[in-house]
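With positions in the sequence shown counted from 1, the corresponding number in our numbering is that position plus 2.
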Amino acid sequence: MSDASSDSLLLRQCRLAHQSADDPLVDIAIEAGRIAAIAPHLDRPTEHTLAVNGQLVSPPFVESHIHLDSVLTAGQPRWNQSGTLFEGIDIWRDRKQNLSLEDVKTRAITALKLQAQQGVLFVRSHADVSEASLTALKALLEVREAVKDWITLQVVAFPQDGIYSHPDNEARLEEALKLGADVVGGIPHYELTREDGVRSVHRIFDLAERYDRLIDIHCDEIDDDQSRFLEVVAACAIRCSCGSRVTASHTTAMGSYNNAYAFKLMGFLQRTSINFIANPLINITLQGRTDTYPKRRGVTRVKELWQSGFNVSLGHDCIQDPWYSLGTGNMLDVASMAVHVCQMTGLEEINACYDMVTHHGARTLHLKDYGLEVGNAANLIVLDAADRYDAIRRRPVVKAVISQGRLLVETEPAQTQWH
Ligand code: FE2
């Protein structure tokens, strides 16, 4: 089965990601790019059949937080020796002086293909809008258009160096929205003063309202327990009743807050529907760098946020860039790291980490018709796994990726032979 252009497709004997082991396997019929039927033993004419043989069928992975403008630049022009966020920002400031549209587009599309072949079909990428030409943003907007037939890309206008650190940055951020960025970003903890940080959050909410865009703020990505911009985000979200359109990314300082403050803040957050994104692969390496021992984990309170009913998703953040020289694009790596770092080892908790790289990410991105339901767009993946727990434990290959009803990629699992 490898005809990528077929209009109808039947997947036989699928185990759905949210089925229990006792539920019967189902067939999935795809017609004209949509899921036409899901039931045991479907009998309908089809152009092609894919034998799934009881393996796991899941909605695609959602990469809710990555920086595609900086992917695949690790070591350029130099390696991040301290491993800190701030040395990474300095290195990127040098590297981005010679960005070109072609440079960004080539690396971004390489990364998107790497992601897609591992089952990612929805991506939210930040684009640095702190330089005069807005090259990173313009390149990613071109990429968004170029790839839209097989992967959905959302672009965040992200003022990496702060909105008020340079007199032109505020105008650059607004220009990025006029050019078509989907989401307004920010980095209040990297503004020059606490006051500038607060002002930046208010400005982000103003722009989001004026241009009707979503919000995704790099918020308190630092171990400083006095970094408290999440409360400002919460206050703005309460006042505009727009929390579901707002995402607080990283919030690593929350891992350092004293519990008295954290519990008070949690109460305020409960009055919003803010989404949270944690990036455990990178934050376990970036944070805690100024600690001796005990050394902090530097990841936000994922388990407690999830237990409190917040929509929490997970991102890679980086693939081989000044902040994180590793990264594979595989969302099961991210989920596995969350299980470890956030101590989410109960079975329900492990399954929740799988949901954080699928359904929860879809909610953060405000995706429509995501999920294995009749009538939805036929985006789905087949994993060489028995269930969500097995998928996170073994991180097996994604055998088939179906995008908008079309078979996009197939990968054969490696074979081992003992002699
Ligand atoms: Fe980030």
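Ideal Cβ positions, reconstructed from N, Cα and C, are used throughout, including at glycine.
On a predicted model such as this, the values are computed, not experimentally measured, just so you know.
- Those residues that have a beta carbon less than 7 Å away from any non-hydrogen atom of the ligand FE2 are, in order along the chain, H67, H69, H128, H220, S251, H252, N281 and D319.
- For D96, the enclosing alpha helix (DSSP H) starts and ends at L87 to R97.
- The DSSP-derived three-state label of R408 is strand.
- Here the C-alpha atom of Q99 lies approximately 22 Å from the C-alpha atom of S84.
- When DSSP states are grouped into helix, strand and coil, K297 belongs to the coil group.
- Using a Cβ-Cβ distance cut-off of 8 Å, the stretch 302 to 310 and the stretch 378 to 385 are not in contact, since fewer than three pairs of beta carbons, one from each stretch, lie closer than that value.
- Contact check for D71 against A110 passes: the beta carbons are separated by less than 8 Å.
- Beta-bridge partners assigned by DSSP to H318: none are found.
- If you ignore the 5 residues before and after I189, its C-beta comes within less than 7 Å of the C-beta of P161, Q162, G164 and H220, all in its own chain and listed in chain order.
- Taking 8 Å as the cut-off, the beta carbon of A173 is found no closer than this to the beta carbon of V411.
- The beta carbon of S327 sits closer than 6 Å to the beta carbons of A76 from its chain, once the five residues preceding and following it are set aside; these are given in chain order.
- Counting only runs of 3+ residues, the beta strand (DSSP E) found wholly inside the stretch 90 to 158 occupies 122 to 130, in chain order.
- Apart from the 5 residues on each side of it in sequence, N277 sits with its Cβ closer than 6 Å to the Cβ of T249, N313 and T366 in its chain, given in chain order.
- In its chain, beyond the 5 residues on either side, A31 have a beta carbon closer than 6 Å to the beta carbon of A38.
- The shortest C-alpha to C-alpha distance from G257 to any of V106, K297 and I93 is the one to K297.
- Excluding the 5 residues flanking it on each side, T48 has same chain C-beta neighbours closer than 6 Å at S10 and L12, in chain order.
- For Q309, the enclosing alpha helix (DSSP H) starts and ends at V304 to Q309.
- Distances from the CA of A380 to each of L123, L114 and V73 were compared; the closest alpha carbon is that of L123.
- By the neighbour-count criterion, in which 16 or more other beta carbons inside 10 Å mark a residue as buried, A34 falls on the exposed side.
- In the structure shown, the three-state DSSP call for K401 is strand.
- Judged by DSSP in its simplified three-state form, S202 adopts helix.
- Exposure of Q419 is indicated by the presence of fewer than 16 other C-beta atoms within 10 angstroms of its C-beta.
- Around the C-beta of E414, fewer than 16 other C-beta atoms lie within 10 Å, and the residue is accordingly described as exposed.
- For the pair of segments examined, the stretch 395 to 411 was found to touch the stretch 323 to 338: the number of CB pairs separated by less than 8 Å reaches three.
- For L27, there is no enclosing alpha helix (DSSP H), since its DSSP letter is neither H nor E.
- Where R241 is concerned, the enclosing alpha helix (DSSP H) starts and stops at L232 to C242.
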